[in-house]
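Sequential numbering of the sequence shown, starting at 1, is according to our numbering.
Okay, so here's the structure we're looking at.
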Amino acid sequence: MLVQFSLASLVLYLFPRFRPRADSLTHPDSVYTPEEQRRRDLDTAEHKPLMTNMFYLTRLGPCGLSTGLDIGLGNMSLQFISLTFYTMCKSSALAFVLIFAFLFRLETPSVKLIAIIATMTIGVVMMVAGEVDFSPIGFTLVISAAFFSGFRWALTQILLLRNPATSNPFASIFYLAPIMFVSLLAIAIPVEGPSNLFAGLKILIDSKGPVLGPTILLAPGAIAFCMTASEFALLQRTSVVTLSIAGIFKEVVTILAAGRVFSDIMTPVNLGGLAITIAAIAGYNYVKIMKMRQDALASTHLANLGVGGRHEQLSADDDEDDGAYGMGQREGGKAQESQGLLAQGSGAH
């Protein structure tokens with residue numbers, strides 16, 4: 001978390017456009033005239049501070065704490081259960097993500113969406129099905145981690161979309177990383193113990209050297225920073241359910257890579273679960289694309305109605321003008337005929 005905080009600080013320092021502003025919730029590609037930009041800058045200067053102590057504790061605190069609990073409890077559960085059982089139980093995070101997305105109105109409930117999530121969960125369970133040793137403590141820890149995973153992703157989407165202080169991935173990491181660090185440290189110290197933490201660090205440096213040892217320690221933090229920034233960017237542009245389903249695809253790739261690299265044996269049940277999961281992901285993408293297409297068609301239809309109504313009004317105005325012009329021509333013709341008759345009468349006299 002310290003590495004992520006440092007990298008986020010570096011990005012915000014080197015690229016000022018990522019620094020949070022009061023108008024950060026506007027579209028990043030918006031173009032304004034100099035006068036409009038000056039007015040926006042004045043309005044921004046008059047706004048209250050983007051981040052206050054109360055906001056940090058009441059809004060970002062729960063999100064950072066739930067993120068730390070998700071990671072910490074999940075890692076702690078691996079002391080009691082196998083990785084296979086962990087993966088099987090952690091797949092229930094999809095259900096928690098869906099529940100919190102509905103509760104916070106981030107996703108519209110639908111039968112299709114619920115059926116796809118349920119099918120995908122069954123497929124993930126089948127992929128990792130096997131002989132597992134059940135541990136009540138490990139099971140409780142990993143289910144708790146899944147609960148906090150769904151909770152934290154819903155809160156993260158709210159922060160990204162509804163608050164200017166956390167309106168981009170780097171600003172969100174900058175504010176959330178300290179809370180995540182404190183929550184993880186609060187879990188690690190009682191479980192690992194301070195002496196074990198420092199002893200493990202010393203063993204790593206002694207065995208790998210003063211350069212490679214810290215590099216091995218810091219490299220995962222840099223990779224996690226890139227992964228978290230990508231997840232936040234995806235979450236900002238789609239939805240928490242889409243992000244979770246993309247995470248399931250990552251699990252599929254991980255399982256396939258493990259079978260290839262470590263020669264893990266996949267039974268017919270595992271292969272069936274893999275096929276079901278891929279089919280569910282394809283089904284979700286199909287539903288999402290169809291919904292986007294319907295929304296685009298509806299927007300186009302409304303736009304055409306608006307333009308069509310304008311054309312009809314213009315046509316009516318043109319018809320009125322043409323009618324008035326025609327009446328004027330007819331009246332002018334009658335006047336000319338009258339003048340001609342008068343002239344003939346004068347000539348006769």
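All C-beta atoms, glycine included, are put in the ideal place defined by N, C-alpha and C.
If you reduce the DSSP assignment to three classes, tell me which class residue i lands in.
{"i": "M364", "result": "Here the chain comprises residues numbered 1 to 349, so residue 364 is not present and cannot be evaluated."}
{"i": "P210", "result": "helix"}
{"i": "L302", "result": "helix"}
{"i": "R19", "result": "coil"}
{"i": "S110", "result": "coil"}
{"i": "S66", "result": "helix"}
{"i": "G193", "result": "coil"}
{"i": "A146", "result": "helix"}
{"i": "A165", "result": "helix"}
{"i": "F104", "result": "coil"}
{"i": "F5", "result": "helix"}
{"i": "P268", "result": "helix"}
{"i": "D81", "result": "Looking at the sequence shown, residue 81 is not Asp but Ile. If DSSP states are grouped into helix, strand and coil, I81 belongs with coil."}
{"i": "T238", "result": "coil"}
{"i": "A154", "result": "helix"}
With distances taken between CB atoms, is the gap from residue i to residue j smaller than 8 Å?
{"i": "V240", "j": "A115", "result": "no"}
{"i": "I179", "j": "M76", "result": "no"}
{"i": "F96", "j": "S183", "result": "no"}
{"i": "S66", "j": "R162", "result": "no"}
{"i": "I278", "j": "L94", "result": "no"}
{"i": "S135", "j": "F55", "result": "no"}
{"i": "I245", "j": "I281", "result": "yes"}
{"i": "P20", "j": "L57", "result": "no"}
{"i": "L160", "j": "L243", "result": "no"}
{"i": "M120", "j": "N270", "result": "no"}
{"i": "S144", "j": "L73", "result": "yes"}
{"i": "K112", "j": "V287", "result": "yes"}
Note down the Cα distance separating residue i from residue j, rounded to an integer number of angstroms.
{"i": "I216", "j": "A222", "result": "11 Å"}
{"i": "L141", "j": "A298", "result": "46 Å"}
{"i": "F85", "j": "T52", "result": "42 Å"}
{"i": "K208", "j": "V261", "result": "24 Å"}
{"i": "R59", "j": "A233", "result": "19 Å"}
{"i": "I117", "j": "L204", "result": "42 Å"}
{"i": "F170", "j": "F18", "result": "7 Å"}
{"i": "L14", "j": "I122", "result": "45 Å"}
{"i": "N168", "j": "P268", "result": "43 Å"}
{"i": "S195", "j": "Q294", "result": "60 Å"}
{"i": "A296", "j": "P62", "result": "36 Å"}
{"i": "G68", "j": "M266", "result": "33 Å"}
{"i": "A219", "j": "K250", "result": "20 Å"}
{"i": "K202", "j": "L185", "result": "18 Å"}
{"i": "L12", "j": "N304", "result": "43 Å"}
{"i": "T166", "j": "M292", "result": "26 Å"}
{"i": "G193", "j": "F139", "result": "23 Å"}
{"i": "T300", "j": "I289", "result": "16 Å"}
{"i": "G200", "j": "D70", "result": "23 Å"}
{"i": "I276", "j": "A129", "result": "14 Å"}
{"i": "I137", "j": "P16", "result": "47 Å"}
{"i": "S110", "j": "L302", "result": "25 Å"}
Counting only the same chain and skipping the five closest in sequence on each side, list residues whose C-beta sits under 7 Å from that of residue i.
{"i": "Q4", "result": "I173, A177, G221, A224, F225 and T228"}
{"i": "F104", "result": "A154 and I158"}
{"i": "L106", "result": "A154, Q157, S239 and V240"}
{"i": "L78", "result": "Y86"}
{"i": "G213", "result": "L204 and I205"}
{"i": "V211", "result": "none"}
{"i": "E231", "result": "L243"}
{"i": "V191", "result": "M76"}
Looking only at its own chain, which residues have a Cβ that is under 8 Å from the Cβ of residue i, when we skip the five neighbours before and after it?
{"i": "V350", "result": "The structure shown does not extend to residue 350, since the chain is modelled only from 1 to 349, so the question has no answer here."}
{"i": "L369", "result": "Nothing in the structure corresponds to residue 369, since the chain is present only between 1 and 349."}
{"i": "D29", "result": "Confidence at D29 is low in this model, with a pLDDT of 43, below 50, so the placement of that residue is unreliable and no value is reported for it."}
{"i": "S9", "result": "F174"}
{"i": "A257", "result": "none"}
Within the same chain, show all residues whose beta-carbon is closer than 6 Å to that of residue i, passing over the 5 residues directly before and after it, in chain order.
{"i": "F147", "result": "F96"}
{"i": "M1", "result": "A177, M180 and F181"}
{"i": "L341", "result": "In this prediction, L341 scores a pLDDT of 40, lower than 50, which makes its location untrustworthy; no coordinate-derived value is stated."}
{"i": "Y418", "result": "Examination of residue 418 is not possible in this model, given that the chain is present from 1 through 349 alone."}
{"i": "L7", "result": "F225"}
{"i": "T352", "result": "The chain is shown only over 1 to 349; residue 352 falls outside these bounds and no answer can be derived."}
{"i": "G64", "result": "L176, I179 and M180"}
Counting only C-beta atoms, is residue i closer than 8 Å to chain C at any point?
{"i": "F85", "result": "Note that chain C does not occur in the displayed structure, where there is just one protein chain."}
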